[in-house]
Amino acid sequence: MRIEFTPVAVATDSADREGYLMLADDELVGVIVKLAGREHGKLQGAFYLEAGFGRCAVTPSETFASLEKAGAWARSRLH
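Okay, structure coming up:
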């Protein structure tokens, strides 16, 4: 399974605007946002699953140390 990330700006009410569409074999499975603001403390710089679709729709949402870890998580959910 091929996981790809396409950069996109996300309209949030914070500094967290750097986003990525997470695609699994060309299907949208999630929207990831990089946590940029200092209000995130130790999570600043991490990647947050803003929205998940299908098997990647989870509550509570997930936070990842890197896009690679987000991709590995998506792969595990989709198999």
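Each residue of the sequence shown is one higher than the last, beginning at 4 in this note's numbering.
The C-beta atom is built at its ideal place from N, Cα and C for all residues, glycine as well.
Only a predicted model underlies this, so the values are computations on that prediction, with no experimental measurement involved.
In the DSSP assignment, the alpha helix (DSSP H) including residue i goes from what residue to what residue?
i     : result
LYS45 : No alpha helix (DSSP H) contains LYS45, which DSSP labels as neither H nor E.
ALA12 : ALA12 -> not in any alpha helix (DSSP H); beta strand (DSSP E) instead, spanning 6-12.
SER79 : 70-81
Return the residue from the list the options that minimises the CA-CA distance to residue i.
i     : options                    : result
GLN47 : CYS59, ALA18, ALA54        : ALA18
GLU30 : ARG58, ALA68, GLY44, PRO63 : ARG58
Taking residue i as part of the beta strand (DSSP E), name the residues at either end of that continuous run.
i     : result
GLY22 : 21-27
Based on the DSSP output, what are the partners of residue i in its beta bridges?
i     : result
LYS83 : Only positions 4 to 82 of the chain appear in the structure, and residue 83 is not among them; the question remains open.
THR66 : TYR51
Quick one: measure Cβ to Cβ for residue i and residue j, integer angstroms, because I've assumed they're closer than 8 Å.
i     : j     : result
ALA12 : VAL34 : Between VAL34 and ALA12 the Cβ distance is about 11 Å, and since that is not below 8 Å, they are no contact.
On the three-pair Cβ rule with 8 Å, is the segment 69-81 touching the segment 9-18?
As far as the Cβ criterion goes, the segment 69-81 does not touch the segment 9-18, which means the pair count is below three.
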